[in-house]
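Before any comments, here is the structure.
Numbering (the UniProt record's numbering), first residue to last: 1 to 127.
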């Protein structure tokens, strides 16, 4: 019964999805750029990342929410992920990179994470 009154997607939506899939398969430079930014962030975190979606565990819900707000004030949307989505005591920040982010964007994010106390302060100019 759920689908008795449903209709198909509008043609423009289907066409846009099709165009997006074609662009994604033809644009290896965007994937390459995304992985370069992922490696750059991984170097700053001291981790070998396998995904452009990165969790930084901070512990308490309060700490995660506070850090998320501080980062937003600095211009970075880094949401706090907290229970019940994750186990109690393992609240985290979720960083999501995209191919639209520049090398400078990642450097600025790392600097903001350092200023907020998430990362130790160190020279990131060689990352």
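All C-beta atoms in this analysis are idealised placements derived from N, C-alpha and C, irrespective of residue type, glycine included.
All values reported here derive from a predicted model rather than from experimental measurement.
Could you check if residue i is buried or exposed, using at least 16 other CB atoms within 10 Å of its CB as the buried criterion?
i	result
residue 54	buried
residue 24	exposed
residue 21	exposed
residue 112	buried
residue 47	exposed
residue 97	buried
residue 38	buried
Could you tell me the alpha carbon to alpha carbon distance between residue i and residue j, rounded to whole angstroms?
i	j	result
residue 127	residue 43	In this predicted model, residue 127 has a pLDDT of only 47, less than 50, meaning its place in the structure is not dependable enough to derive any value.
residue 121	residue 45	11 Å
residue 33	residue 74	24 Å
residue 18	residue 10	13 Å
residue 36	residue 49	11 Å
residue 26	residue 51	20 Å
residue 13	residue 60	41 Å
residue 128	residue 108	Here the chain covers residues 1 to 127 and nothing more, so residue 128 does not appear.
Can you name, in chain order, every residue of its own chain whose Cβ lies under 6 Å from the Cβ of residue i, other than the five neighbours on each side?
i	result
residue 57	90, 92
residue 116	67, 70
residue 114	121
In chain order, what residues of the same chain have a beta carbon less than 8 Å from the beta carbon of residue i, not counting five sequence neighbours either side?
i	result
residue 118	56, 58, 67, 93
residue 138	Outside the displayed range of the chain (1 to 127) lies residue 138, so it cannot be described from this structure.
residue 86	92
residue 7	none
residue 72	78
Does the distance between the C-beta of residue i and the nearest non-hydrogen atom of the ligand MG fall short of 7 Å?
i	result
residue 47	Ligands in the displayed structure: none, and consequently the ligand MG is not present.
Can you find the residues in the same chain that come closer than 7 Å, C-beta to C-beta, to residue i, ignoring five residues on each side of it along the sequence?
i	result
residue 30	99
Is there a Cβ of chain B sitting closer than 8 Å to that of residue i, yes or no?
i	result
residue 31	The question asks about chain B, but that chain is absent: this structure has only one protein chain.
_In chain order, what are the residue ranges of uninterrupted alpha helix (DSSP H) at least 4 long that sit wholly in the UniProt domain "Aminotransferase class I/classII large" (2 to 113)?_
11 to 26, 28 to 45, 61 to 73
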